[in-house]
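One structure is given below, encoded as structure tokens.
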Amino acid sequence: MLDLAAEHAAYQPELDAAWHQTLREAAFIQGPAVGEFAAALGAHLGQLGQLGSGENPHVVPCANGTDALLLALLSLELPLGTEVIVPAFTYIAPLEVAALLGLRPVLVDVRPDTFNLDPAAVRAALSPRTGAVVAVHLFGQCADLEELTSICRAAGVALIEDNAQALGAAYTFADGRQAAAGTVGEVGTTSFFPSKNLGCLGDGGALFTADPARAERLRQLASHGQSRKYQHQRPGLNSRLDTLQAALLLVKLRHLPAAQARRQAIAARYDAALADVSGVHRPARDPRSSHVFHQYTLVVEVPGGRDALQQRLRQHGITSAVYYPLAMHEQPGYTFLNYKPGNFPVAERLSRQVLSLPVHPALANEQVEHVARIVATA
Ligand SMILES: *Cc1c(COP(=O)(O)O)cnc(C)c1O
Numbered sequence: 021m022l023d024l025a026a027e028h029a030a031y032q033p034e035l036d037a038a039w040h041q042t043l044r045e046a047a048f049i050q051g052p053a054v055g056e057f058a059a060a061l062g063a064h065l066g067q068l069g070q071l072g073s074g075e076n077p078h079v080v081p082c083a084n085g086t087d088a089l090l091l092a093l094l095s096l097e098l099p100l101g102t103e104v105i106v107p108a109f110t111y112i113a114p115l116e117v118a119a120l121l122g123l124r125p126v127l128v129d130v131r132p133d134t135f136n137l138d139p140a141a142v143r144a145a146l147s148p149r150t151g152a153v154v155a156v157h158l159f160g161q162c163a164d165l166e167e168l169t170s171i172c173r174a175a176g177v178a179l180i181e182d183n184a185q186a187l188g189a190a191y192t193f194a195d196g197r198q199a200a201a202g203t204v205g206e207v208g209t210t211s212f213f214p215s216k217n218l219g220c221l222g223d224g225g226a227l228f229t230a231d232p233a234r235a236e237r238l239r240q241l242a243s244h245g246q247s248r249k250y251q252h253q254r255p256g257l258n259s260r261l262d263t264l265q266a267a268l269l270l271v272k273l274r275h276l277p278a279a280q281a282r283r284q285a286i287a288a289r290y291d292a293a294l295a296d297v298s299g300v301h302r303p304a305r306d307p308r309s310s311h312v313f314h315q316y317t318l319v320v321e322v323p324g325g326r327d328a329l330q331q332r333l334r335q336h337g338i339t340s341a342v343y344y345p346l347a348m349h350e351q352p353g354y355t356f357l358n359y360k361p362g363n364f365p366v367a368e369r370l371s372r373q374v375l376s377l378p379v380h381p382a383l384a385n386e387q388v389e390h391v392a393r394i395v396a397t398a
């Protein structure tokens with residue numbers, strides 16, 4: 021699914037230099053690269069759209085994307101038992117952190133075309149106990165931010181954007197304002213897990229916010245609740261981005277636009293090659309969002325089903341992946357939420373029909389055509 025070695029080979033000397041400089045400087049925790057990377061990423065997001073404020077979003081680095089979600093929810097200071105709306109079809113992290121914090125996860129079904137939160141279902145799930153909505157921008161395309169911001173604003177509920185998969189995407193609102201994915205809600209989160217579009221060479225994550233006071237609170241929460249050394253304002257975490265990872269991310273951020281363009285070109289090739297293949301539904305494009313194709317995900321309704329197609333790809337030496345094989349309410353560790361089969365029909369169906377094809381930037385055109393040919397003979 022992924023060829024990180026080939027991707028890194030293209031700019032190996034830059035990575036080597038960052039690595040060696042970090043070794044020489046020996047400031048492995050909170051070294052200068054951490055702040056430099058946060059500023060560079062903020063500027064990158066600012067260029068993608070500023071919602072009229074003219075300021076770059078504040079970027080608060082942390083240890084990984086799951087911690088980012090944990091810190092985001094902690095920063096809202098929600099009372100125990102507050103309901104947090106999360107998608108029924110997603111990665112486990114948003115559900116997991118809400119449960120760990122003693123909040124009440126409320127699952128909501130997704131749209132069959134974009135795989136993202138269904139705004140009508142969010143509206144129906146709101147209650148006087150709702151404190152936050154976590155919108156996951158799944159596979160590289162923004163959720164319906166227009167509807168979700170207006171729903172959350174009207175209900176007085178915080179919007180958290182889990183942007184682990186759509187870093188670099190931009191969203192255009194009906195009034196023409198454009199915003200970078202992750203900078204619209206009260207807090208945005210991301211992950212630099214190696215396979216993400218901007219991945220480091222280990223674990224890493226970050227939070228985004230437009231509010232300087234919230235940025236300061238997030239910084240404290242990520243550092244034992246400290247305002248200054250040994251002055252603890254609140255209980256927090258030890259959740260830092262290593263200097264080494266920040267130095268490597270500074271290099272990789274420079275190459276992100278090219279990598280993103282390559283992902284989009286590969287997706288366009290798949291789109292063209294699979295246009296007339298019956299039973300194979302290509303990823304829907306929401307015209308309001310760019311799509312940075314963290315995954316190129318098909319919905320497969322061919323004879324024999326998704327698993328038969330995956331098997332055939334495997335026989336031809338092609339790795340594909342199922343993100344995700346279970347809806348959230350089907351996860352064995354979450355039966356305490358008391359949902360039943362049939363509660364989230366779209367999420368359940370997608371978990372049995374989705375198949376993600378290789379879309380990493382080092383993929384050659386011939387490889388893309390080869391994959392598409394095998395899929396087309398389904
Ligand atoms: C990867 C991912 C996370 C978690 O990130 P980690 O850095 O692995 O903790 C959270 N949410 C989504 C949607 C992800 O894809």
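Quick note, the sequence shown lines up with residues 21 to 398 if you use this note's numbering.
No residue lacks a Cβ here, since even glycine has one placed at the ideal position from N, Cα and C.
Can you say whether E368 is buried or exposed, counting buried as having 16 or more other CB atoms within 10 angstroms of its CB?
-> Locating residue 368 in the sequence shown gives position 348, counting from the first residue. E368 should be labelled buried.
Does the beta-carbon of F48 have 16 or more other beta-carbons within 10 angstroms, so that it is buried, or is it exposed?
-> Here residue 48 refers to the residue found at position 28 when the sequence shown is read from its first residue. Only exposed fits F48, as fewer than 16 other CB atoms lie within 10 angstroms of its CB.
Is the segment 26-40 touching the segment 174-192, taking contact as three or more C-beta pairs under 8 angstroms?
-> Cβ pair count under 8 angstroms is below three, so no.
Determine, using beta-carbon pairs with one atom in the segment 323-340 and one in the segment 379-395, whether at least three such pairs fall under 8 angstroms.
-> yes
What residue range is occupied by the uninterrupted alpha helix (DSSP H) comprising Y290?
-> For the purposes of this step, residue 290 is taken as residue 270 along the sequence shown, with counting starting at 1. Segment T263 to A293, the alpha helix (DSSP H) holding Y290.
Is the CB-CB distance between H314 and R282 below 9 angstroms?
-> Start at 1 with the first residue of the sequence shown, and residue 314 comes out as number 294. Start at 1 with the first residue of the sequence shown, and residue 282 comes out as number 262. No; because the gap between Cβ atoms is not below 9 angstroms, this pair is not in contact.
If you draw a straight line from the C-alpha of T229 to the C-alpha of V154, how long is it?
-> In the sequence shown, the residue the question calls residue 229 occupies position 209. In the sequence shown, the residue the question calls residue 154 occupies position 134. In a straight line, the C-alpha of T229 is about 15 angstroms away from that of V154.
Which of helix, strand or coil does DSSP assign to F228?
-> In the sequence shown, the residue the question calls residue 228 occupies position 208. In the structure shown, F228 sits in a strand (DSSP, three-state: E or B).
Note down, in chain order, each residue of its chain lying with its Cβ closer than 7 angstroms to the Cβ of H64, except the 5 sequence neighbours on either side.
-> Residue mapping note: residue 64 aligns to position 44 of the sequence shown, counting from 1. For H64, where only same-chain residues beyond five positions count, the Cβ hits under 7 angstroms are L273.
Would you say the beta carbon of P410 comes nearer than 8 angstroms to a heavy atom of ligand 1?
-> Not covered by the structure: residue 410. The range shown for the chain is 21 to 398.
Where does E97 fall in DSSP's three states?
-> Here the question's residue 97 lines up with position 77 in the sequence shown. In the structure shown, E97 sits in coil (DSSP, three-state: anything other than H, G, I, E or B).
CB-CB under 7 angstroms to S309, same chain, minus the five flanking residues each way: which ones, in chain order?
-> As a working note, residue 309 is residue 289 in the sequence shown. For S309, the CB contacts under 7 angstroms within the same chain, skipping 5 residues up- and downstream, are Q161, C162, A189 and Y191 in chain order.
Buried or exposed for K216, please, with buried defined as at least 16 other CB atoms from any protein chain shown within 10 angstroms of its CB.
-> The sequence position of residue 216 within the sequence shown is 196, counting from 1. Classification for K216: buried.
So, helix, strand or coil for P139, using DSSP?
-> Your numbering for residue 139 matches position 119 in the sequence shown. The answer is helix: DSSP assigns P139 an H, G or I state.
CB of Y111 to nearest heavy atom of ligand 1: below 8 angstroms?
-> Numbered from its first residue, the sequence shown carries residue 111 at position 91. Under cutoff, so the answer is yes.
For N358, three-class secondary structure by DSSP = Taking the sequence shown and counting its residues from 1, one reaches residue 358 at position 338. DSSP places N358 in coil when its eight states are reduced to three.
Length-filtered (3 minimum) beta strand (DSSP E) runs lying within the segment 47-89 = 78-82
CB-CB under 6 angstroms to L377, same chain, minus the five flanking residues each way: which ones, in chain order?
-> Counting from 1 along the sequence shown, the entry for residue 377 is found at position 357. Counting only Cβ-Cβ distances below 6 angstroms, and skipping sequence neighbours, we find Y316, S340 and V391.
Quick one: grab the DSSP three-state call for V391.
-> One-based indexing of the sequence shown puts residue 391 at position 371. Looking at V391 - three-state DSSP - the assignment turns out to be helix.
Under the criterion of a Cβ to heavy atom distance below 8 angstroms, does D262 qualify as lining ligand 1?
-> In the sequence shown, the residue the question calls residue 262 occupies position 242. For ligand 1, not one heavy atom lies less than 8 angstroms from the Cβ of D262.
Classification of P345 by the beta-carbon crowding that lies within 10 angstroms, buried from 16 upward = Here residue 345 refers to the residue found at position 325 of the sequence shown. Exposed, since its Cβ has fewer than 16 Cβ neighbours within 10 Å.
Cβ neighbours of P77 in the same chain (closer than 6 angstroms, five flanking residues each side left out) = Here residue 77 corresponds to residue number 57 of the sequence shown, with the count starting at 1. The residues are G62, L65, T203, F228 and A230.
Assign R239 to one of two classes, buried (16 or more other C-beta atoms within 10 Å of its C-beta) or exposed (fewer than that).
-> For the purposes of this step, residue 239 is identified with residue 219 of the sequence shown, where counting begins at 1. By the Cβ neighbour-count rule, R239 is buried, with 16 or more other Cβ atoms within 10 Å of its own.
Considering E181, what are the terminal residues of the beta strand (DSSP E) in which it resides?
-> Along the sequence shown, one-based indexing puts residue 181 at 161. Start and end: A178 to D182.
Flag this pair as yes or no: are the beta carbons of L121 and A108 separated by less than 9 angstroms?
-> In the sequence shown, the residue the question calls residue 121 occupies position 101. In the sequence shown, the residue the question calls residue 108 occupies position 88. No, the pair does not count as a contact, with Cβ atoms beyond the cut-off.
So is the beta-carbon of S211 under 8 angstroms away from any non-hydrogen atom of ligand 1?
-> Numbered from 1 along the sequence shown, position 191 holds the residue referred to as residue 211. Judged by the Cβ position, S211 qualifies as a neighbour of ligand 1 at the 8 angstroms threshold, a heavy atom of the ligand being closer than this.
Within this structure, are the beta carbons of V312 and R326 separated by less than 9 angstroms?
-> By 1-based counting over the sequence shown, the position of residue 312 is 292. By 1-based counting over the sequence shown, the position of residue 326 is 306. No Cβ-Cβ contact shorter than 9 angstroms links V312 with R326.
Mapping DSSP to helix, strand and coil, what is I105?
-> Position 85 of the sequence shown, counted from the first residue, corresponds to residue 105. Note: I105 maps to strand in three-state DSSP.
How would you call R44, buried or exposed, if buried means at least 16 neighbouring beta carbons within 10 angstroms?
-> Locating residue 44 in the sequence shown gives position 24, counting from the first residue. R44 comes out exposed.
Would you check whether ligand 1 has a heavy atom nearer than 8 angstroms to the C-beta of G225?
-> Residue 225 sits at position 205 when you count from the first residue of the sequence shown. Checking the Cβ of G225 against ligand 1 gives yes.
L268 beta carbon less than 9 angstroms from that of R221 | Against the sequence shown, residue 221 aligns to sequence position 201. Against the sequence shown, residue 268 aligns to sequence position 248. The question names Arg, but residue 221 is Leu in the sequence shown. Taking 9 angstroms as the cut-off, the Cβ atoms of L221 and L268 count as close.
Using alpha carbons as the reference points, say which of L270, A152 and A242 lies closest to A174.
-> Counting from 1 along the sequence shown, the entry for residue 174 is found at position 154. Among L270, A152 and A242, the Cα nearest to that of A174 belongs to A152.
Is the CB-CB distance between V106 and A118 below 9 angstroms?
-> Here the question's residue 106 lines up with position 86 in the sequence shown. Here the question's residue 118 lines up with position 98 in the sequence shown. The answer is yes: Cβ separation under 9 angstroms.
Mind checking which residues open and close the beta strand (DSSP E) that includes A200?
-> Start at 1 with the first residue of the sequence shown, and residue 200 comes out as number 180. A200 -> beta strand (DSSP E) spans Q198 to A200.
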